[in-house]
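Numbering (the numbering used here), first residue to last: -9 to 366.
Below, the structure written as structure tokens:
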């Protein structure tokens, strides 16, 4: 049985979520917009799911939009908010954001003539000189809550206060934070928050955009006006139900964070103390509880992945969202790591079921794997 440590890429579907979705894929196949009994049953299930999700984020049901995943949620938040505001055409973000955020911003720059200020990052991936980037014509700030490649977390609540003080909206990609951090929208103080279902036990193709109570967004998909006009098209009731159940199945994030920070740090220490040329990427403490990422100078990251898989451990070399790319990680380049070193990166990302024994076995396998490539 393999040890799977690539949960930042995707997680197994929670059995309870799959079971809850099944009726809406089979007998309960009605269109939520239909007025007959099958349709009304589907509509009720959809709205019950929306209310359940809203409780998780401490918002009203009307603030929840179901999407196809984190990429769509990011695009709807960034493009939708930017186009809906007459304030100006200036956006603030960082080059270490998820590809979906970078691509959405690039679209606004290319098609709608927006201007972007890229925040400087320190060697750990945290922003530098945030205040000076904000301008009178800034429309939106977008910063990731927990970086999907290096795990560094931003003090989003504090930064959102600064953005709001000068009239700017704030969006955060919280895809990697679900189940690991408190995502109460009131406490975070952000105007838009994106998550992806398959990162916390819902099926692939499910996602959520949470908007502040008075926030307006321009829709990207036009048609019948479903999802309060923000996302036209017949709703995926089964995946909405599964998403709601997957969220209810999560444990208390504070307890999980406390538990896994200890396991993570023990794993990191073991690797750094026993693997020559190992370097932790991201902040040593201000990081997601479930992500540990390293570079191994002089050793190909892809070669390490294959050797680890041969030994029964499945990990990744970074984001799984840049399809088919063999380029060095844009995140690592953004924090000043040279391309040749960035190519040696390996990411270990845990689930709530990962055990201390799993990480002990993984550390031993990694030490042996690196040894294969460093023998004289």
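Idealized CB from N, CA, C, for every residue including glycine.
Compare the Cα-Cα distances from residue 131 to each of 139, 251, 154, 138 and report the closest residue.
Considering only alpha carbons, the answer is 154.
Give me the DSSP bridge partner(s) of residue -6.
Per DSSP, the beta-bridge partners of residue -6 are 304.
Per DSSP, which residues does residue 161 bridge with? Please list them.
Answer is 132, 182.
Return the CA-CA distance between residue 202 and residue 169, expressed in angstroms with no decimal places.
Each residue's alpha carbon lies about 21 Å from the other.
Span separating the alpha-carbon of residue 283 from that of residue 242:
Take the alpha-carbon of residue 283 and the one of residue 242: they are about 25 Å apart.
Nearest by alpha-carbon distance to residue 367: which of 56, 298, 69, 221 is it?
Beyond the ends of the chain as shown, which are -9 and 366, falls residue 367; an answer cannot be given.
Could you give the distance in angstroms between the alpha-carbon of residue 160 and the alpha-carbon of residue 364?
Each residue's Cα considered, the two are about 46 Å apart.
Could you check the C-alpha separation between residue 313 and residue 27 for me, to the nearest Å?
Legend: pLDDT at residue 313 = 43, less than 50; position of this residue unreliable, value from coordinates given subsequently. A direct Cα-to-Cα measurement between residue 313 and residue 27 gives close to 42 Å.
Judging by CA-CA distance, which residue of 230, 232, 212 is the nearest neighbour of residue 223?
Per the Cα distances, 212.
Using the three-state DSSP reduction, which class does residue 219 fall into: helix, strand or coil?
Residue 219 carries a helical assignment under DSSP once its states are collapsed to helix, strand and coil.
What's the call for residue 245, buried or exposed, on a 16-neighbour Cβ count within 10 Å?
Residue 245 should be labelled exposed.
Starting from residue 339, trace the beta strand (DSSP E) both ways and give me its first and last residue.
Note, residue 339: beta strand (DSSP E), 335 to 339.
Rounded C-alpha distance that separates residue 147 from residue 300:
About 42 Å.
State whether the region 189 to 202 contacts the region -9 to 10, with contact taken as three or more CB pairs (one from each stretch) at a distance under 8 Å.
Cβ pair count under 8 Å is three or more, so yes.
Any idea if residue 157 is buried or exposed, counting beta-carbon neighbours within 10 angstroms, 16 or more meaning buried?
Classification for residue 157: exposed.
Which one of 111, 172, 250, 207 has the shortest CA to CA distance from residue 325?
Taking residue 325 as reference, the option from 111, 172, 250, 207 with the minimal CA-CA separation is 111.
With a threshold of 6 Å on Cβ separation, who are the neighbours of residue 6 within its own chain once the five nearest residues in sequence on each side are excluded?
Within the same chain, residue 6 has close Cβ partners 235, 239.
Do three or more CB pairs link the region 114 to 121 to the region 59 to 66 at distances below 8 Å?
Look at the beta carbons and you see the region 114 to 121 not touching the region 59 to 66: under three pairs across the two are nearer than 8 Å.
Whole-Å CB distance - residue 48 paired with residue 210, under 8 Å assumed:
That pair is no contact at about 26 Å.
Below 7 Å CB to CB, which residues in the same chain sit around residue 9 once its five sequence neighbours on both sides are set aside?
Excluding the 5 residues flanking it on each side, residue 9 has no same chain C-beta neighbour closer than 7 Å.
Quick check on the DSSP output: the alpha helix (DSSP H) that includes residue 229 runs from which residue to which?
First-last of the alpha helix (DSSP H) with residue 229: 227 to 238.
What are the boundary residues of the beta strand (DSSP E) that residue 83 is part of?
Start and end: 80 to 84.
Alpha carbon to alpha carbon, how far is residue 181 from residue 44? Give it in angstroms, no decimals.
Distance from the CA of residue 44 to the CA of residue 181, rounded to the nearest whole angstrom, comes to 15 Å.
Boundaries of the beta strand (DSSP E) in which residue 284 is found, first to last residue:
Start and end: 281 to 286.
Suppose you measure from the CA of residue 162 to the CA of residue 216; what does that come to, to the nearest Å?
If I take the Cα positions, the gap works out to 24 Å.
Drop a sphere of 10 angstroms on the beta-carbon of residue 263, count the other beta-carbons inside from all chains shown, and report buried for 16 or more, exposed for fewer.
Classification of residue 263: exposed, given that the 10 Å Cβ count is below 16.
Across which residues does DSSP place residue 268 in a beta bridge pair?
Beta-bridge annotation (DSSP): residue 268 is paired with 286.
With residue 200 as the anchor, note down where its beta strand (DSSP E) starts and where it stops.
197 to 201 is the span of the beta strand (DSSP E), which, as asked, contains residue 200.
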